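S.K.:
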């Protein structure tokens, strides 16, 4: 069994390594996207600190045209990155399709009497990997390394704003780690229970005549209900954990987004920052927290 899992793991790793060039391209797209994500903060900073004091319509028009162009570029790059990640998922699925089918074919006879549902586990795993690579999950992973840059920019606006934002980001990071810890065991148990339930369903289907002849229908019905109850219980525990963490994360995010405005206003009253800095700090913080929010959402 261990050798079987090791071989499947090696096949998966090999399929992912074959997409290295595409992963690098996706990472480069992410780098440019995260730079362009600062457009809103830069635009508002210039509006409040240059356009409004000077009353220059020409400057406003120039900044607006520049902002529109940068956002168009952002939208195009984000579109191409999503398409690229979807293609990566498709290529990985194609690379795994033959080994997965070979595994199912080799173990079908054995599974008929032992673990019928387990023979299809590699197929479900391949589908899950393809679905994950086609979702927003990989994009969030590519964006995570840029969080420190956004926090550093906020720190440059004012050290107190930077410390406030860093504390909030650290809190969300801890919540992400907590979600992984709380969900790991229930999800593992759910996977086992799902395989057991599939095995039982397949065994019942294959031996339905013998079960009826021996009067074992009640026994198999009881086993099915027990297996289904274990599966539902594990899934509910995982759902409760992710729901709790998600609620806490939303509270922290809302507090941070409002709190940085309040802190910025306090610093503006003291004359340490401008009105544009308040808005720019809020926008940059929202961008810094976005990958962490996505990471937490992926546990749902």
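Residue numbers (the numbering used here): 25 to 324.
Note that beta-carbon positions come from the ideal geometry of N, C-alpha and C, so glycine has one too.
Source: prediction; values computed, not measured.
CB-CB under 8 Å to residue 232, same chain, minus the five flanking residues each way: which ones, in chain order?
M.R.: none
S.K.: Counting pairs of Cβ atoms below 8 Å between the segment 105-124 and the segment 42-57, do you hit three or more?
M.R.: Under the three-pair Cβ rule at 8 Å, the segment 105-124 counts as touching the segment 42-57.
S.K.: Which residue marks the beginning of the alpha helix (DSSP H) containing residue 42, and which one marks its end?
M.R.: Looking at the DSSP string, residue 42 is not in any alpha helix (DSSP H), and its letter there is neither H nor E.
S.K.: Quick test of the definition: if touching needs 3 or more C-beta pairs under 8 Å, does the segment 306-316 touch the segment 75-89?
M.R.: In the pairwise beta carbon analysis, the segment 306-316 is classified as not touching the segment 75-89: fewer than three pairs are separated by under 8 Å.
S.K.: Since residue 161 is in the alpha helix (DSSP H), which residue starts that stretch and which ends it?
M.R.: 161-167
S.K.: In the segment 205-274, which residue ranges form an unbroken alpha helix (DSSP H) of at least 4 residues, counting only runs that do not cross its ends?
M.R.: Whole alpha helix (DSSP H) segments, 4+ residues: 232-238.
S.K.: Report buried or exposed for residue 68, applying the criterion of at least 16 other Cβ atoms within 10 angstroms of its Cβ.
M.R.: Label assigned to residue 68: buried.
S.K.: Using 8 Å as the threshold, is the segment 217-229 in touch with the segment 253-269, meaning 3 or more CB pairs across them?
M.R.: yes
S.K.: For residue 51, verify whether its CB is less than 7 Å away from any heavy atom of the ligand NAP.
M.R.: Within the structure as shown, the ligand NAP is missing, as the structure has no ligands at all.
S.K.: Which term fits residue 181, buried or exposed, when burial requires 16 or more other beta carbons within 10 angstroms of its beta carbon?
M.R.: buried
S.K.: Out of 209, 104, 192, 189, point me to the one whose CA is closest to residue 257's CA.
M.R.: 209
S.K.: For residue 70, count the other beta carbons within 10 Å of its own beta carbon; 16 or more makes it buried, fewer makes it exposed. Which is it?
M.R.: Buried.
S.K.: For residue 46, which option in 305, 114, 260 has the closest C-alpha, if you only look at C-alpha atoms?
M.R.: Residue 46 has its Cα closest to that of 114, out of 305, 114, 260.
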